[in-house]
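Novice: First the structure, then my questions, so here it is.
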Amino acid sequence: MRMKLSRGWITKSREIYSSSMQVCGVRGDSTNAAKAMFWQARKGLSFVLTFETERERNAAIILARKYALDCNVMLAGPDDRV
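In terms of the numbering used here, the sequence shown is numbered consecutively and its last residue is 82.
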């Protein structure tokens, strides 16, 4: 199973779930930080995705983590690593 990032018909990234992948909400002072998600597909390849609402961002994080668990991979953010 893969995670795919597209803009319209153009695929920006298509990555297989792996333990090195990170997904988390962006933290910051601005109001846009609450609507943004950080995705590091692999070392050297990362994206900040901005959503219309906080609810959409949270749903995207939950779905990404749910499908990763189906592949026996635990997605976490940089501060969540043990």
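Idealized CB from N, CA, C, for every residue including glycine.
From a predicted model like this one, the values you see are computed outputs, not experimental measurements.
1) Any idea if Trp-39 is buried or exposed, counting beta-carbon neighbours within 10 angstroms, 16 or more meaning buried?
2) Taking C-beta to C-beta, are Ala-36 and Val-23 nearer than 7 Å?
3) Looking at C-alpha atoms only, which residue of Gly-8, Val-26, Arg-42, Thr-31 is the closest neighbour of Ser-20?
4) For Glu-15, write down the residues that DSSP places opposite it in a beta bridge.
5) For Ser-18 and Leu-5, I'd like the C-alpha separation in whole angstroms.
6) DSSP puts Cys-24 in a beta bridge; with which residues?
7) If you follow the beta strand (DSSP E) that Leu-49 is in, where does it begin and where does it stop?
8) Taking the alpha helix (DSSP H) that Asn-58 falls in, what are its first and last residues?
Specialist: For this structure:
1) buried
2) no
3) Arg-42
4) Met-3
5) 16 Å
6) Phe-38
7) 45 to 50
8) 54 to 70
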